[in-house]
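Heads up: the sequence shown begins at 1 in UniProt numbering, then just goes up one per residue. Here a beta-carbon is modelled for each residue, glycine too, at the ideal position from N, C-alpha and C.
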Amino acid sequence: MGILNATPDSFSDGGRFNQVKDAMARIQEMILQGADIIDVGGESTRPGSDPVAQKEELDRVIPILEKAIPQFPDTLFSVDTTKYEVARQALKLGTHFINDISGLKKEPRFVDLCVKYNAAYIMMHSQGDPKNMQEDPTYEHVVNDIYRFFDEQLERAKEKGLKQIIIDPGIGFGKTLDHNLELLAHLETFKALGHPIMVGASRKSMLGTILNDRPTEGRITGTVALHYDAMRKGAKIIRVHDVREAHDSLLVYNAITDKE
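In structure tokens:
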């Protein structure tokens, strides 16, 4: 899954792709590099970020999807949002996934939308809002707590007829470095829930910390290593900024695992 941030303030590439022309060029580039899914978001969710008004998010996201979906019919598209109207308009255009960082906590009606449009739902775990999520996040036992969260939310979604669900433990969303490492070390635990797992740690601050305060642009190799390990532990989708490097890693991974 390639990331397309149509925002002026995302932590890694804010301001680069918030014009439709630039966004289309970047989408084409990521597809050529091997992206199967393009995830389009119009609101930065970096730690400390402020929420965006609905109209502004619509103005950022919808013109891109309106043009990209018919132009790239063999590519799957995802909308990264917590707002009902943004998701509704995106799905109406033919978007295939809702990527929800709140895991139905902010907008439970996403279940009905996905059922109506036969779309898949990406359920991410987060603690708090982006503005305050890194202010002393606490868990009794991070793996067990997040497993329980998914178990409860999945049951609610399935009761309403939603079956196409992907789970994402939410690396960096209301978690300390130790929480993130614990989740990644025990990622296989979540396979028991019976849904595909997505991991997105691309260029995140945890990598900067591990790599001795490495700046964002210097975290690509660390990202590849982390995602490779996640694939070994069961991740089926990796969400990345650097598609070529991720795709190369996937080709190597598949070549090795085909012999196991």
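Check for me: the alpha helix (DSSP H) holding residue i runs from which residue to which?
i	result
L4	No alpha helix (DSSP H) holds L4; the beta strand (DSSP E) holding it covers 2-5.
L32	20-33
F149	142-159
D248	243-257
D178	177-185
Could you have a look at residue i and say whether DSSP puts it in helix, strand or coil?
i	result
Y121	strand
M133	coil
D168	strand
D74	coil
F190	helix
V240	strand
R60	helix
F110	helix
V86	helix
V52	coil
P8	coil
D13	No answer about D13 holds up, because its pLDDT of 49 lies below 50 and its placement is not dependable.
E260	coil
Hey, residue i and residue j are a contact pair by Cβ (cut 8 Å); roughly how many whole angstroms apart?
i	j	result
E57	E43	5 Å
I146	L193	That belief does not hold up - the Cβ atoms of I146 and L193 are roughly 10 Å apart, past 8 Å.
L162	Y121	6 Å
L104	A157	7 Å
I237	A246	Going by Cβ atoms, the distance from I237 to A246 rounds to 11 Å, so no, they are not a contact pair.
Q89	I69	That belief does not hold up - the Cβ atoms of Q89 and I69 are roughly 12 Å apart, past 8 Å.
I166	M198	5 Å
Where do the ends of the beta strand (DSSP E) carrying residue i lie?
i	result
G41	37-41
F97	97-100
Tell me the rounded alpha-carbon separation between residue i and residue j.
i	j	result
H195	F150	10 Å
V224	E152	32 Å
P137	Q127	7 Å
R109	Y84	7 Å
R46	F173	9 Å
Q54	P8	15 Å
K160	M123	15 Å
I64	Y117	19 Å
R214	T221	11 Å
Q28	I38	10 Å
D36	V52	28 Å
G234	D100	21 Å
K131	A255	42 Å
D258	L250	12 Å
G2	Y139	30 Å
D242	L154	30 Å
D59	V79	13 Å
V252	G34	14 Å
T189	H179	15 Å
N5	N144	32 Å
I31	L187	28 Å
V111	L181	30 Å
T75	S205	29 Å
I98	D229	26 Å
Looking at chain C, is there any beta carbon in it that lies within less than 9 Å of the beta carbon of residue i?
i	result
E155	Absent here is chain C; the protein component of the structure consists of one chain.
Original post:
Can you give, in chain order, each stretch of the alpha helix (DSSP H) that sits fully within the segment 192-236 and has at least 4 residues?
Top reply: 205-210, 220-232
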